[in-house]
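2 protein chains.
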Amino acid sequence: MLVDLKPAGKAIPRMKKSMILQAGPPVEWQRTCGPLRGAVYGALMYEELAESPEEAEELIKNDEIMFAPCHEYNSVGPMAGVISASMPVFVVENKENGNFSYANMNEGLGKVLRFGAYSKDVIRHLKWMEKELGPSLELAIKRSDGINLKTIISQALHMGDECHNRNVAATSLFERKIMPHLIETNLEAKVTSRIVKFLEENDHFFLNLSMAACKAMMDVAQGIKNCTLVTAMSRNGTEFGIKVSGLGDNWFTAPAPTPKGLYFPGYGPTDANPDMGDSSITETRGIGGFAMATAPAIVKLVGGTPADAVSYTKEMMNITASKDYSFTIPSLNFEGTPLGIDLVKVIDTGILPIINTGIAHRKPGIGQIGAGIVRAPMECFKKALKALVEKA
Amino acid sequence: MLVDLKPAGKAIPRMKKSMILQAGPPVEWQRTCGPLRGAVYGALMYEELAESPEEAEELIKNDEIMFAPCHEYNSVGPMAGVISASMPVFVVENKENGNFSYANMNEGLGKVLRFGAYSKDVIRHLKWMEKELGPSLELAIKRSDGINLKTIISQALHMGDECHNRNVAATSLFERKIMPHLIETNLEAKVTSRIVKFLEENDHFFLNLSMAACKAMMDVAQGIKNCTLVTAMSRNGTEFGIKVSGLGDNWFTAPAPTPKGLYFPGYGPTDANPDMGDSSITETRGIGGFAMATAPAIVKLVGGTPADAVSYTKEMMNITASKDYSFTIPSLNFEGTPLGIDLVKVIDTGILPIINTGIAHRKPGIGQIGAGIVRAPMECFKKALKALVEKA
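Chains as they are written, first to last, in numbering that gives the first Met the number 0: chain B, 0 to 391; chain W, 0 to 391.
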């Protein structure tokens, strides 16, 4: 349930002003990729801690900024996944288990922080999200009894979304749900107008909510003794990392692979950064690439054929623990989506989890250049298995 | 393109205060079905021409009311399809050909006029649509440059709608498109609030727009010499009628069949009225039942399996003139939807057009009791063929 929206510094426990949360497993600054660097420059300028990328670099070299993975703060962010203290974050509550998760708000497409852009326009837009969009939606969310995200995901899977790289149905359903509450807050008409236009133009607005919902669900599975369930898959643009329920807080990492996909005009594979983002929490939960059979139209974005989309979903059933009948696939006779990656099954079958993903330019400051598909690297799973054997 | 919304009396050429438009081919009052009678009672009370069903009957017996099919006034209405002069109607323009079509607004589900209900609540709701919803949306539509309905249908077919009995995606997309314009009209907050809540709760709001768009497209095909294309299929709850391009304004009719489908709790086939409504203009245009392959989740509403849904679409390709690549089916590798029923192919193959439909109680005043599937009767096509042969 989406229950609140407030600045990360107030919402996320242990979050500090001098802290930057980032996607994926931890990574030393020297090894960070271009788009993550760009996003960090942008966040430090947005927080008015630096006035330029050079000043940002200086701060970082002087150890004045603390970096941490979003995942270790019950949070998730797509692509660079950069969350700083002033950014509004969605607060999602797992009502059954009482735990919370957090995600930043989706900025839209084009030159945006999460793809490594940090121009003045990018920062101005983030300020608008902080000063106007965030507080307005906060009021609307508070007027609701909470918005049930699981219901929206379930419906959207019947409407051609897989809720990772295709979110047009979920975004539309969310907007219909929030709109009556937003209107009731009685904002100035020009404020409502700007918000409604922003939501109208952003078919991916729900992505971050889908991610937060999946995080709130997966965190419950963390820390079960001897349990081989994968509870997180995430990438920082340098490394791909997984977490496993029975293996504590350890990340098992390998070099991040580069997605195969479709590029925007003027760009190609040599421009692509290796894979990045916490958004693969959706596949970890069994939607996104795992539910691609529900979203045949997505192949126009990520490549391949509708038959491939169905094959991926069926293939993933070989490495998952169960099927999820709260998220069903109409075209497969309402079969449940593949639920919960089992480390042992990945090793046994050699089948690697499939992930739908966006592609960032490898240089800071540019942004998104395409979208595609990537497989989690086998090395992560082998390292985790080794740790499991050693622990036993 | 949706270009306007105003009272039928002002929008529809030749519409008069003492006139009632109705779905399907013409039918004498003595032969009208229960739900159409109920809707006419409701409309006459709504227009304050009668104060009770008895007064309404009196007016009709005294020939004070003129009845005509919507179709003969470039209009369409779902189920009873009753349109009276004060009801706001959508004005849809076929920009390429310059012709206009009209449809009433969708009232929502439950006890509604189009299913034959006529209680005080039904009439109060119609008054609200006339006094508040209509004029507000009229302002919003006028602020837009027109809303492209074909684009919305095309997108919605990639989102699990077939735009006849499943409209949740199209409704959501339409609402996102209209909302910025609605906000800019600067209505009182409580007015906007009521409108937004109504739209939030009505997943079928787009149905009437889908119908008007199909009507605007099909009317262009009417009146082509020797052309065997079916330009309208419609039902009044007593008879099913078709029109054929090369056969002028004639209706070719047969008794309306009763749908097979799923019933709301407490109702069954013996309560069902024979099929009714102009909504089969969607199938005539090649969506609705013809595009069921895009909407596998609809079988939960109308019955059958997702495999049946795909079969229906493939079957319809045997009786259609062409495929429509503006309306494609992702799961069938972006195949075009079957476009344009050819009378000769229906006769040759014996395959009858499939229609997704709602089911009304056969008595006036009750309302919807289910949804299902129906086939157009062969007799209509045989009569049309005979007329064609006689004419040649």
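For each residue, glycine too, the CB sits at the ideal point set by N, CA and C. Small disclaimer: the values here were computed from a predicted structure and weren't measured.
Query                                                                                                                          : Result
Exposure of S83 (chain W), with buried meaning 16 or more beta-carbon neighbours within 10 Å                                   : buried
Contact set between L172 (chain B) and chain W, taken where Cβ atoms lie within less than 7 angstroms                          : S171
Nearest candidate by alpha-carbon position, reference N103 (chain W), set W:A253, W:E199, W:A79                                : W:A79
Alpha-carbon to alpha-carbon, A294 (chain W) and S233 (chain W)                                                                : 22 angstroms
Any chain W beta carbon closer than 7 angstroms to M178 (chain B)                                                              : yes
For K259 (chain W), the nearest candidate out of W:G303, W:C226, W:D218 (CA to CA)                                             : W:G303
Cα-Cα separation, S325 (chain B) to D347 (chain W)                                                                             : 45 angstroms
C-alpha distance - L108 (chain W) paired with F114 (chain W), whole-angstrom precision                                         : 9 angstroms
Chain W contact for E131 (chain B) (CB, 7 angstroms cutoff)                                                                    : no
Proximity test, Cβ basis, 7 angstroms: K224 (chain W) and chain B                                                              : no
Residue burial classification, V388 (chain W) (beta-carbon count within 10 angstroms, cutoff 16)                               : exposed
Every unbroken alpha helix (DSSP H) within the segment 137–168 of chain B, with a cutoff of 4 residues, ordered by chain       : 148–155
Min CB distance E282 (chain W) to chain B below 7 angstroms                                                                    : no
Closer than 7 angstroms to chain B by CB, I182 (chain W)                                                                       : yes
Test: E199 (chain W) CB closer than 7 angstroms to a CB of chain B                                                             : yes
Spatial distance of N249 (chain W) from G267 (chain W) (CA atoms)                                                              : 35 angstroms
Runs of beta strand (DSSP E) lying entirely within the segment 279–350 of chain W, each at least 3 residues, in chain order    : 319–328, 334–340
Euclidean distance between Cα positions of L261 (chain W) and I354 (chain W)                                                   : 15 angstroms
C-beta neighbour in chain B for P87 (chain W), strict 7 angstroms                                                              : no
7 angstroms Cβ cut-off: residues of chain W touching M128 (chain B)                                                            : Chain W residues near M128 (chain B): none, gap ~18 angstroms exceeds 7 angstroms.
R361 (chain W) - DSSP class collapsed to helix/strand/coil                                                                     : coil
Secondary structure, beta strand (DSSP E): runs of 3+ residues fully inside the segment 191–275 of chain B                     : 229–235, 238–243, 251–254, 259–262
7 angstroms Cβ cutoff, P134 (chain W) in contact with chain B                                                                  : no
Proximity to I365 (chain W) [Cα-Cα], best of W:E27, W:V2, W:A38, W:P24                                                         : W:A38
Other residues of its chain near E50 (chain B): CB distance less than 8 angstroms, five sequence neighbours each side excluded : M44
Contacting residues, own chain, Cβ-Cβ under 7 angstroms from G371 (chain B) (five flanking each side not counted)              : P258, K259, G260, L261, V301, G302, T356, I358
Rounded C-alpha distance that separates M178 (chain B) from A383 (chain W)                                                     : 50 angstroms
Positions along the segment 145–166 of chain B whose CB lies within less than 7 angstroms of some CB in chain W                : H157, M158, G159
Burial state of A290 (chain W) (16 or more Cβ within 10 Å)                                                                     : buried
7 angstroms Cβ shell around D218 (chain W) - same chain, five flanking residues per side excluded                              : N73, N98, S100
G8 (chain W) to F204 (chain W) span [Cα, whole Å]                                                                              : 22 angstroms
Simplified DSSP state of Y117 (chain B), which is helix, strand or coil                                                        : coil
Distance between M275 (chain W) and G240 (chain W) (C-alpha atoms, nearest Å)                                                  : 10 angstroms
is_contact[K196 (chain B), chain W] using C-beta, thresh 7 angstroms                                                           : yes
Through-space distance from F89 (chain W) to P6 (chain W), alpha-carbon basis                                                  : 9 angstroms
H180 (chain W) versus L148 (chain W): straight-line alpha-carbon distance, rounded                                             : 16 angstroms
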